[in-house]
Ligand code: PLP
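Numbering (the numbering used here), first residue to last: 1189 to 1582.
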């Protein structure tokens, strides 16, 4: 920034996205004619299912083009509440649902209405990179709970105890996880619920945006379903981006107790107003339509996840906690390579391989690879990775 004096403290404190910097560099190299293999994608590689597009086009033709209620289309709020109640077993009514511009705005709004300056947000690492930044934007302090590949990225309740202070306000959970692909198991969530009962002032945000993308044999559990007595303290973030391949539509939601949803809706009404009116009709069609498209996409990620796992396990020196959900793998680099940012820079410059460094996810020894690319791209990327590691390790 050439003239910092014009910027607010918030703008100055914001960290530019390392992920975007990598994509921009990869794009520039591609445009310059380099052969680039990118495993850095953070989104599905499918088009949005046609019946959702059709419903949206129809809505446009029907004139659903005006302002709507800031909290969301009432029919969509109802449908989301029904989905949460029946599929996630979290009894919810429409007044407890806010339709947002992607899961991202759900998190942003929630942090803005729950957090005061000085509050602490407990974030188990590795974490999705926007959580700490959004906590800071709300004036709060992100407190990272370390975990590592060596311990399977397990949530450590003793570590939670150790970081707890009177200022701890909100715990962030993300299952299935971006970047590790880890899926929290029922027993682990039950243990956490027991722990939460001993800490009645702590609120919880559960980011469940990858709920449908699970390896065979895995089940997604909502904490609020396993611990209905804690439902008043639990807020669910979810959206249509990953399950229905709708990243560009910007459609997500926040669910939880009605007074908090009302406050988040008030914030939304003074900032962005309603989510695109006709796009909400597409989301409604998604919820009301057959889930076969979601299952087919999930099955395709499962195959590619397996390919990625097998390939990474065959590379000497990497430590991999095999992902069980989402569409990423997050291996730890060999012990003698400790800086993932520098490693990713070399991967791009020397091998034309775009990876995402673990640093912004809270683990500088790991790198994130996406399985949401063609099988040939995965195979090509793994070869390039192997070549680079062979060279670096002589
Ligand atoms: N939560 C996690 C864990 C994510 O990975 C993402 C997107 O990458 C989001 C939330 C936000 O998704 P949306 O595109 O719906 O804003």
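Cβ coordinates follow ideal geometry from the N, Cα and C atoms, glycine included.
Short Cβ contact (7 Å threshold) for residue i with residue j
i            : j            : result
residue 1360 : residue 1319 : yes
residue 1243 : residue 1467 : no
residue 1510 : residue 1525 : no
residue 1300 : residue 1331 : no
residue 1258 : residue 1478 : no
residue 1224 : residue 1218 : yes
residue 1367 : residue 1549 : yes
residue 1382 : residue 1414 : no
residue 1371 : residue 1512 : yes
Paired residues, beta bridge with residue i - DSSP
i            : result
residue 1422 : 1392
residue 1545 : 1555
residue 1288 : 1440
residue 1520 : 1507 and 1554
residue 1245 : In the DSSP output, where bridge partners are listed per residue, residue 1245 has none listed.
residue 1332 : 1311
residue 1225 : 1541
residue 1162 : No answer is possible for residue 1162: it lies beyond the span of the chain, which begins at 1189 and ends at 1582.
residue 1325 : Paired residue(s): none; residue 1325 is not in a bridge.
Any chain C beta carbon closer than 7 Å to residue i
i            : result
residue 1365 : The chain labelled as chain C is not found in the depicted structure, where only one protein chain is given.
* Asked: If you measure from each residue's Cβ to the nearest non-hydrogen atom of the ligand PLP, which ones come out under 6 Å, in chain order?
  -> 1230, 1290, 1291, 1292, 1316, 1362, 1366, 1395, 1397, 1427, 1429, 1435 and 1440
* State whether the segment 1444–1451 contacts the segment 1246–1253, with contact taken as three or more CB pairs (one from each stretch) at a distance under 8 Å. => no
* **Cβ pair count under 8 Å reaching 3, the segment 1430–1438 against the segment 1230–1244** => yes
* Asked: Okay, do the segment 1478–1487 and the segment 1424–1433 touch, 3+ Cβ pairs below 8 Å being the bar?
  -> yes
* Asked: How about the segment 1219–1229 and the segment 1538–1546: do they share at least three Cβ pairs that are nearer than 8 Å?
  -> yes
* Inter-stretch contact at 8 Å, needing at least 3 Cβ pairs: the segment 1555–1569 / the segment 1515–1530 -> yes
* With a cut-off of 8 Å, do at least 3 Cβ pairs link the segment 1409–1423 to the segment 1376–1396? -> yes
* To do: Flag this pair as touching only if the segment 1266–1279 and the segment 1409–1418 have three or more C-beta atom pairs under 8 Å; answer yes or no.
  => yes
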